[in-house]
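*Asks:*
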Amino acid sequence: MTLESLPGSSGYLDLFPERRMSYFSNPYVLGLTVIAGIGGLLFGYDTGVISGALLYIKDDFEIVRQSSFLQIPTGNFLLDLVCCDKATLHFFPEALVFDTCSDMETIVSMALVGAMIGAASGGWINDAYGRKKATLLADVVFTAGAIVMAAAPGPYVLILGRLLVGLGVGTASVTAPVYIAEASPSEVRGGLVSTNVLMITGGQFLSYLVNLAFTQVRGTWRWMLGVSAVPAVIQFFLMLCLPESPRWLFMKVRVVPRGNIFVDSVYSFNEPSHHIVQNEKDKAIAVLSKIYDIARLEDEVDHLSAALEEEQQRKNTVRYLDVFRTKEIRLAFLAGAGLQAFQQFTGINTVMYYSPTIVQMAGFNSNQLALLLSLIVAAMNAGGTVVGIYLIDHFGRKKLALSSLSGVIVSLVILAGAFFAETPGSSNGIYGWLAVIGLALYIAFFAPGMGPVPWTVNSEIYPEQYRGICGGMSATVNWISNLIVAQTFLTIAEAVGTGVTFLILAGIALLAVVFVIVYVPETKGLTFVEVERIWKERAWGSSYNTESLLEHGNEST
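See below:
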């Protein structure tokens, strides 16, 4: 079987179409996906709930309004609306202005710092201890953070809680897509991994509903932040009932000649270890048997066995620098990390920030706007992700990303034109409605494509040995890019104007189109073995063979 005969789909499934599975055909896989996706729900809930909670935190803690500690732009459009910088005051002169937003920005941004650390370390935890243990650890850390936040006697303890929550979110952002991808049939892997993104957008929508529900309850913000522990606790106990990733279990088996018994290299050579290792391998096959029928199960085990034999000839321990020393891994990481960076640099947070301004331009009352707008935007995001779940396995990752970016470019140009045409003090005009159309188009194009595609691609383009560590590094790139955008876009907007800022973002989106065309392969319907073969052929040419590849790999490392 050659890759030339596989134009964006698995040759195996072309040969055996009766073994093709659909999104809803296996309740076990779908249930596993939803449970693992609770990590995405935590991700989305935390990013959304803090904007409403901060409205009440500033009333409880006087120091929040007076401190000049650690001023950091947030990129959170609801928080920044409340803080009211120059750009917002331009369209919202009657908005509520705080004395300072420094501590409030720290409360938000500390979770972002924790997420970067959690993502960077989460990849290593995934590879060393497994996807299941990484998820359980993320739940414990997140729950601890939620409890600390709910019980915080002051803003600095609250900031500590935000750091813990960020650590949990960062680890979950790496673990959930990988865990789902490794348990998914190749033909529906994109849709199942995108379900995790749906959980993120659904978590954001849920957070705004929770904000509404607790507005009249005593201890408002403590309930808003503390209730986030509930889904983490639920996921913890449900994950105890789920297996470890079958691919991770299988690939941890090491073939060591001792009689005719396979022995895992991490165990000592004694009789109990033989039974432990065989039990682990049996567990992996038992999980795979719940996913595939018997005919396909045999082929899947054969694929894993072949991959295992190849892994035996490589180094057992993978270090971060190995990602850059091995050519095919370097190419894969470039594609994955680039997608994560462009997801942020194409301006999703910037557009969200200016959403209140855009709607006010169309003549809506700003004082009644913020919470309603957050619900509408979150609902549109979630709805767009549902569309993406269907398209990503039918249309393909690469085509979906390119279509999404094309729409994003058009939307940003429309937004730029509306801001160029709008003059200070004017409202309720055609340009305001043009900006609303640009906003709606942006979300409609971004949510199904550049929302799920980077996470899906990163869950499937790396070999098993590198999947956790590369996924963690790519997720870290996403969080760092998020921080860079949050810290720079307001400065750029004030320096060159909002219209020019949106044109700059459109230019970045155009660069993203070129990047996707050149560096990102189509992986729709491909098995992990087929995806790995793509990178080997890109690195060493289409005529590579295993022996010469290993020689090249040893030379490069």
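With positions in the sequence shown counted from 1, the corresponding number in the numbering used here is that position plus 534.
Don't be surprised by glycine CBs; every beta carbon is placed ideally from N, CA and C.
Because the structure is a prediction, the values reported are computed rather than measured.
1) So for N883, helix, strand or coil by DSSP?
2) With the cut-off set at 7 Å, would you say Y976 and V885 are in Cβ contact?
3) Just the Cα atoms here: how many angstroms apart are E778 and L726?
4) At the level of alpha carbons, what is the spacing between W989 and V821?
5) Can you tell me the Cα-Cα spacing of D580 and A829, whole angstroms?
6) Cutting at 6 Å between CB atoms, please list the residues of its own chain near M984, excluding the five before and the five after it.
7) Could you give the distance in angstroms between the alpha-carbon of S839 and the alpha-carbon of Y562?
8) What did DSSP end up calling A1009 once you bin it into helix, strand or coil?
9) Taking 8 Å as the threshold, find out whether the region 673 to 681 comes into contact with the region 755 to 765 through three or more Cβ pairs.
10) Assuming T1035 is part of the alpha helix (DSSP H), what are its boundary residues?
11) Excluding the five sequence neighbours on either side, which residues of its own chain have a C-beta within less than 7 Å of the C-beta of S728, listed in chain order?
12) Give me the Cβ distance between G966 and I948, rounded to the nearest whole Å; I'm assuming they're in contact under 8 Å.
13) Would you mind giving the Cβ-Cβ distance between Y1000 and V852, rounded to the nearest angstrom? I have them listed as a contact below 8 Å.
14) Just to confirm my understanding: we take Y1053, look at its own chain, exclude 5 residues before and 5 after, and list those with CB closer than 8 Å. What are they?
15) Below 6 Å CB to CB, which residues in the same chain sit around S655 once its five sequence neighbours on both sides are set aside?
16) How long is the line joining the alpha carbons of V722 and M650, rounded to whole angstroms?
17) Which residue comes first and which comes last in the alpha helix (DSSP H) that contains R1102?
18) Roughly how far, in whole angstroms, is the beta-carbon of A653 from the beta-carbon of V708, given that I think they are within contact range, below 8 Å?
19) Quick one, are the C-beta atoms of G736 and A916 less than 7 Å apart?
20) I'd like to check one pair, E994 with T1035: are the Cβ atoms closer than 7 Å?
21) Output the distance between the C-alpha atoms of G571 and A955, rounded to the nearest integer angstrom.
22) Since L646 and L1017 are thought to touch, with beta carbons under 8 Å apart, how far apart are those beta carbons, to the nearest angstrom?
23) Which complete alpha helix (DSSP H) runs does the region 679 to 749 hold, if anything under 4 residues is left out?
24) By the DSSP assignment, the alpha helix (DSSP H) with F980 in it spans what residues?
25) So, A1027 versus L759, is the Cβ gap smaller than 7 Å?
26) So, is E688 buried or exposed, given that buried needs 16 or more other C-beta atoms within 10 angstroms?
27) Classify P561 as helix, strand or coil using the three-state DSSP reduction.
28) When you compare the CB positions of V767 and T677, do they come within less than 7 Å of one another, or not?
29) Among residues of its own chain, excluding the 5 on either side of W755, which ones have a beta-carbon nearer than 6 Å to its beta-carbon?
30) Alpha carbon to alpha carbon, how far is T749 from W782? Give it in angstroms, no decimals.
31) With a threshold of 16 other CB atoms inside 10 Å of the CB of T1022, please say whether the residue is buried or exposed.
32) Go ahead and label A662 buried or exposed: buried means 16 or more other beta carbons lie within 10 angstroms of its beta carbon, across all protein chains shown.
33) With burial defined as no fewer than 16 other Cβ atoms inside 10 Å of the residue's Cβ, what is the status of Y854: buried or exposed?
*Replies:* Taking the structure as given:
1) The residue given as residue 883 occupies position 349 in the sequence shown. In this structure, N883 counts as helix in the three-state DSSP scheme.
2) Taking the sequence shown and counting its residues from 1, the one referred to as residue 976 is at position 442. Taking the sequence shown and counting its residues from 1, the one referred to as residue 885 is at position 351. Closer than 7 Å, so yes.
3) Numbered from 1 along the sequence shown, position 244 holds the residue referred to as residue 778. Numbered from 1 along the sequence shown, position 192 holds the residue referred to as residue 726. Cα to Cα, the separation comes out at about 17 Å.
4) Position 455 of the sequence shown, counted from the start, is the residue given in the question as residue 989. Position 287 of the sequence shown, counted from the start, is the residue given in the question as residue 821. Cα to Cα, W989 sits roughly 24 Å from V821.
5) Your numbering for residue 580 matches position 46 in the sequence shown. Your numbering for residue 829 matches position 295 in the sequence shown. Going by the C-alpha atoms only, they are around 43 Å apart.
6) Numbered from its first residue, the sequence shown carries residue 984 at position 450. Answer for M984: Q877, S938, listed in chain order.
7) On the sequence shown, residue 839 is found 305 positions in, with the first residue counted as 1. On the sequence shown, residue 562 is found 28 positions in, with the first residue counted as 1. Taking the straight line from one Cα to the other gives about 24 Å.
8) For this step, residue 1009 is matched to residue 475 along the sequence shown. The answer is helix: DSSP assigns A1009 an H, G or I state.
9) yes
10) Sequence index remark: in the sequence shown, residue 1035 carries index 501 (1-based). That run of the alpha helix (DSSP H) goes 1032 to 1053.
11) The count along the sequence shown starts at 1 and reaches residue 728 at position 194. Only T919, G922, I923, I926, P986, T990 meet the Cβ criterion.
12) Reading the sequence shown from its first residue, position 432 is the one you call residue 966. Reading the sequence shown from its first residue, position 414 is the one you call residue 948. Going by Cβ atoms, the distance from G966 to I948 rounds to 12 Å, so no, they are not a contact pair.
13) The count along the sequence shown starts at 1 and reaches residue 1000 at position 466. The count along the sequence shown starts at 1 and reaches residue 852 at position 318. 6 Å between Cβ atoms; contact.
14) For the purposes of this step, residue 1053 is taken as residue 519 along the sequence shown, with counting starting at 1. Within the same chain, Y1053 has close Cβ partners L865, L868, A869, G872.
15) Here residue 655 corresponds to residue number 121 of the sequence shown, with the count starting at 1. So no residue of the chain qualifies.
16) Within the sequence shown, numbered from 1, the residue matching residue 722 stands at position 188. Within the sequence shown, numbered from 1, the residue matching residue 650 stands at position 116. Cα to Cα, V722 sits roughly 29 Å from M650.
17) Summary: the structure shown does not reach residue 1102, with the chain confined to residues 535 through 1091, and so no result is reported for it.
18) Residue numbering aside, residue 653 sits at position 119 when the sequence shown is read from its first letter. Residue numbering aside, residue 708 sits at position 174 when the sequence shown is read from its first letter. With a Cβ gap of about 5 Å, A653 and V708 count as contacting.
19) For the purposes of this step, residue 736 is identified with residue 202 of the sequence shown, where counting begins at 1. For the purposes of this step, residue 916 is identified with residue 382 of the sequence shown, where counting begins at 1. Cβ atoms of G736 and A916: closer than 7 Å.
20) Residue 1035 sits at position 501 when you count from the first residue of the sequence shown. Residue 994 sits at position 460 when you count from the first residue of the sequence shown. No, Cβ-Cβ distance for T1035 and E994 is not below 7 Å.
21) For the purposes of this step, residue 571 is taken as the residue at position 37 of the sequence shown. For the purposes of this step, residue 955 is taken as the residue at position 421 of the sequence shown. The straight-line gap from Cα to Cα measures roughly 43 Å.
22) Along the sequence shown, one-based indexing puts residue 646 at 112. Along the sequence shown, one-based indexing puts residue 1017 at 483. Sure, about 6 Å apart at Cβ, within 8 Å.
23) 689 to 716, 723 to 747
24) Taking the first residue of the sequence shown as position 1, residue 980 is located at position 446. Element bounds for F980: 964 to 980.
25) Start at 1 with the first residue of the sequence shown, and residue 1027 comes out as number 493. Start at 1 with the first residue of the sequence shown, and residue 759 comes out as number 225. For A1027 and L759, no; Cβs fall outside 7 Å.
26) Position 154 of the sequence shown holds residue 688. Rather than Glu, the amino acid found at residue 688 in this sequence is Gly. By the 10 Å Cβ count, G688 comes out exposed.
27) Here residue 561 is taken as the residue at index 27 of the sequence shown, counted from 1. DSSP places P561 in helix when its eight states are reduced to three.
28) On the sequence shown, position 233 is the one that residue 767 refers to. On the sequence shown, position 143 is the one that residue 677 refers to. Their beta carbons are under 7 Å apart, which means V767 touches T677 by this criterion.
29) Within the sequence shown, numbered from 1, the residue matching residue 755 stands at position 221. Cβ neighbours of W755 beyond the five flanking positions: A587, Y590, I591.
30) Residue 782 sits at position 248 when you count from the first residue of the sequence shown. Residue 749 sits at position 215 when you count from the first residue of the sequence shown. Looking at the two C-alpha atoms, the distance is approximately 45 Å.
31) To locate residue 1022, count along the sequence shown from 1; it is residue 488. It is exposed - the Cβ of T1022 has fewer than 16 other Cβ atoms within 10 Å.
32) For the purposes of this step, residue 662 is taken as the residue at position 128 of the sequence shown. Per the 10 Å Cβ criterion, exposed.
33) Here the question's residue 854 lines up with position 320 in the sequence shown. Exposed is the call here.
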